[in-house]
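Offset between the sequence shown (1-based) and the working numbering: plus 35. Glycine is no exception: its CB is placed at the ideal position from the N, C-alpha and C atoms. Source: prediction; values computed, not measured. A short worksheet on the structure shown next.
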Amino acid sequence: MAAYERAYDEVATPTGNARRLPRWPLRVAGAAGAAAKPEDEPVIASATMRQVYGLIERVATSSIPVLIRGETGTGKELVARAIHQRSRRGGAALRCLNCGAIPEQLVESALFGYEKGAFTGADKMRIGVFEAADGGTVFLDEIGELSAQAQVALLRVLETRRLTRVGGIREIEVDVRVVTATHRDLAAMCEQGTFRPDLLYRLNTMLLELPPLRERPEEIPALVERFIRAANAANQRRVEGIDDAALERLVAYRWPGNVRELRNAVERAVVLAQGATITVDDLPSTLTCQASSRASQDAPLGFRAQVQRFEIALLQSALDASDGSVSAAARLLDMPRRTLTKKKRDYDL
Numbered sequence: 036m037a038a039y040e041r042a043y044d045e046v047a048t049p050t051g052n053a054r055r056l057p058r059w060p061l062r063v064a065g066a067a068g069a070a071a072k073p074e075d076e077p078v079i080a081s082a083t084m085r086q087v088y089g090l091i092e093r094v095a096t097s098s099i100p101v102l103i104r105g106e107t108g109t110g111k112e113l114v115a116r117a118i119h120q121r122s123r124r125g126g127a128a129l130r131c132l133n134c135g136a137i138p139e140q141l142v143e144s145a146l147f148g149y150e151k152g153a154f155t156g157a158d159k160m161r162i163g164v165f166e167a168a169d170g171g172t173v174f175l176d177e178i179g180e181l182s183a184q185a186q187v188a189l190l191r192v193l194e195t196r197r198l199t200r201v202g203g204i205r206e207i208e209v210d211v212r213v214v215t216a217t218h219r220d221l222a223a224m225c226e227q228g229t230f231r232p233d234l235l236y237r238l239n240t241m242l243l244e245l246p247p248l249r250e251r252p253e254e255i256p257a258l259v260e261r262f263i264r265a266a267n268a269a270n271q272r273r274v275e276g277i278d279d280a281a282l283e284r285l286v287a288y289r290w291p292g293n294v295r296e297l298r299n300a301v302e303r304a305v306v307l308a309q310g311a312t313i314t315v316d317d318l319p320s321t322l323t324c325q326a327s328s329r330a331s332q333d334a335p336l337g338f339r340a341q342v343q344r345f346e347i348a349l350l351q352s353a354l355d356a357s358d359g360s361v362s363a364a365a366r367l368l369d370m371p372r373r374t375l376t377k378k379k380r381d382y383d384l
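Shown next, in the form of structure tokens:
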């Protein structure tokens, strides 16, 4: 654990409330040579996350499906792993699939496998995640991105516990627990006719709401510690900590990309740091832009300029949170990819 000073400060957060956080500066104990902590170990420092993991402990030992809902980058896969590890299936396989990252025509093959000759390029039989996880858990992220055809196929497997590989005729029995996740409002999608209500009923036996990072700033110091360790190990760096002003900037930021964006910001800072401590100068420009915007909110500035400055900061945050992927950033912003591409070009991002 980090060598936190045993004292606390009242710190203003993006929601306007004061929260008790460890007094800075934050230092990473043994940063030079210690191995990084496992990234699948949860950080639980806020009341909301203690409540979430309290529910996880209670539902993990059951076999009911769990739907995890939260913004992009909040750690939904981390929660799915915690459910699996605490369940009776913890010694078996956990197989994860991001439904939004696979072309529509390949989703069923990824889920259920395919037989040799099922389509062009299928030169041999392959099993899907359901067969690979037999006896364990399947985690389907971005479940709201499934096509109508894939939703029908998934519903049948959930109801019968049997699947048929693409191009096959033989039914194969599987025993898996299904955990799903989404950042979308699936109930609203059902009303719009883009998601099947009967599938939602099957998946939504237990709903876990994962709060965004801006609602749990108490966890930012511990997350920063972890990400500094990981970035040191990945980039052969020897950064020992972060100074007061930089950590305060991280706590005050709203983090539209949540934990994923924070991790990217810290890794970037570790790589750029010229000394043993991360400073404000090492942080992404989006954080500086937000602070400058707040500091100068009383200065005369035209409406158009204010809108453009906010838009640039928002777009850059989404791109940072998505590792530069325009498609992922567009999904995060709920914006057409073509629109984001044009704005990225216009603003030279």
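Leaving aside the five residues before and after Leu189 along the sequence, list all residues of the same chain whose C-beta is less than 6 angstroms from its C-beta, in chain order. As a first step, residue 189 is located in the sequence shown; it is residue number 154 there, counting from the start. Within the same chain, Leu189 has no close Cβ partners at all.
Tell me the rounded alpha-carbon separation between Ala216 and Ala356. As a position in the sequence shown, residue 216 is number 181, starting the count at 1. As a position in the sequence shown, residue 356 is number 321, starting the count at 1. Rounded to whole angstroms, Ala216 and Ala356 show a C-alpha spacing of 18 angstroms.
Tell me the DSSP secondary structure of Arg124 in three-state form. Looking up residue 124 in the sequence shown gives position 89. DSSP places Arg124 in coil when its eight states are reduced to three.
With a threshold of 8 angstroms on Cβ separation, who are the neighbours of Asp210 within its own chain once the five nearest residues in sequence on each side are excluded? As a working mapping, residue 210 is identified with position 175 in the sequence shown. Counting only Cβ-Cβ distances below 8 angstroms, and skipping sequence neighbours, we find Asp169, Gly170, Arg196.
Could you tell me whether the Cβ atoms of Ala363 and Leu375 are closer together than 8 angstroms? One-based indexing of the sequence shown puts residue 363 at position 328. One-based indexing of the sequence shown puts residue 375 at position 340. No, Cβ-Cβ distance for Ala363 and Leu375 is not below 8 angstroms.
Quick one: does the C-beta of Ser81 sit closer than 7 angstroms to a heavy atom of the ligand FAD? This structure lacks the ligand FAD; in fact it carries no ligand of any kind.
Could you tell me the alpha carbon to alpha carbon distance between Arg380 and Ile118, rounded to whole angstroms? To locate residue 380, count along the sequence shown from 1; it is residue 345. To locate residue 118, count along the sequence shown from 1; it is residue 83. One alpha carbon belongs to Arg380, the other to Ile118, and they sit about 42 angstroms apart.
DSSP state of Met370 mapped onto helix, strand, coil: Taking the first residue of the sequence shown as 1, we reach residue 370 at position 335. Note: Met370 maps to coil in three-state DSSP.
Give a yes or no on whether the C-beta atoms belonging to Asn267 and Val259 are separated by under 8 angstroms. One-based indexing of the sequence shown puts residue 267 at position 232. One-based indexing of the sequence shown puts residue 259 at position 224. Between Asn267 and Val259, the gap from beta carbon to beta carbon reaches 8 angstroms or more.
Residue from Asp278, Val294, Arg289, Gly105 whose Cα sits closest to the Cα of Ala311: Counting from 1 along the sequence shown, the entry for residue 311 is found at position 276. Of the residues Asp278, Val294, Arg289, Gly105, the one whose Cα lies closest to the Cα of Ala311 is Asp278.
Quick check on this structure: which residue in Arg219, Asn239, Glu177, Glu166 has the alpha carbon closest to the alpha carbon of Ala136? In the sequence shown, the residue the question calls residue 136 occupies position 101. Measuring from the Cα of Ala136, the nearest candidate turns out to be Glu177.
6 angstroms Cβ shell around Ile99 - same chain, five flanking residues per side excluded: In the sequence shown, the residue the question calls residue 99 occupies position 64. Result list for Ile99: Thr240, Met241, in chain order.
Output the boundary residues of the beta strand (DSSP E) element that contains Asp176. In the sequence shown, the residue the question calls residue 176 occupies position 141. Run containing Asp176: 172–176, per the beta strand (DSSP E) assignment.
Can you tell which of Ala80, Glu139, Ala167, Pro371 has the C-alpha that lies nearest to the C-alpha of Val213? In the sequence shown, the residue the question calls residue 213 occupies position 178. The residue from Ala80, Glu139, Ala167, Pro371 with its alpha-carbon nearest to that of Val213 is Ala167.
Tell me, to the nearest whole angstrom, how far the beta carbon of Ile263 is from that of Leu285; I am working on the premise that it is less than 8 angstroms. Your numbering for residue 263 matches position 228 in the sequence shown. Your numbering for residue 285 matches position 250 in the sequence shown. Contact flag wrong, Cβ pair sits at about 12 angstroms.
How about Pro252: is its C-beta nearer than 8 angstroms to some C-beta of chain D? Annotation note: the requested chain D is absent from the structure, which comprises a single protein chain.
Given Gly105, which residues of its chain have a CB within under 6 angstroms of its CB, disregarding the five upstream and five downstream residues? Along the sequence shown, one-based indexing puts residue 105 at 70. Around Gly105, the same chain offers Lys111, Leu245 as residues with beta carbons nearer than 6 angstroms, after the five sequence neighbours per side are excluded.
Cβ separation of Ile103 and Val94, assumed to be a contact under 8 angstroms, to the nearest whole Å: As a first step, residue 103 must be located in the sequence shown, where it is residue number 68. As a first step, residue 94 must be located in the sequence shown, where it is residue number 59. Ile103 to Val94, Cβ: 11 angstroms. No contact.
Just to confirm before moving on: does the CB-CB distance between Leu198 and Phe165 stay below 8 angstroms? Position 163 of the sequence shown, counting from 1, holds the residue named residue 198. Position 130 of the sequence shown, counting from 1, holds the residue named residue 165. The Cβ atoms of Leu198 and Phe165 lie closer than 8 angstroms to each other.
Counting only runs of 4+ residues fully inside the segment 171–222, write out the alpha helix (DSSP H) ranges in chain order. Entirely contained in the segment 171–222, the alpha helix (DSSP H) runs reaching 4 residues are, in chain order, 183–195.
What ranges does the alpha helix (DSSP H) occupy inside the segment 98–166, keeping only unbroken runs of at least 4 residues that lie completely in it? When DSSP assignments are scanned along the segment 98–166, the uninterrupted stretches of alpha helix (DSSP H) that are 4 or more residues long and fall wholly within it turn out to be 111–121, 142–147.
If you count every other CB in all the chains shown that lies within 10 Å of the CB of Ala308, and 16 or more means buried, which is it? Residue mapping note: residue 308 aligns to position 273 of the sequence shown, counting from 1. A buried status is given to Ala308, since no fewer than 16 other beta-carbon atoms sit within 10 Å of its beta-carbon.
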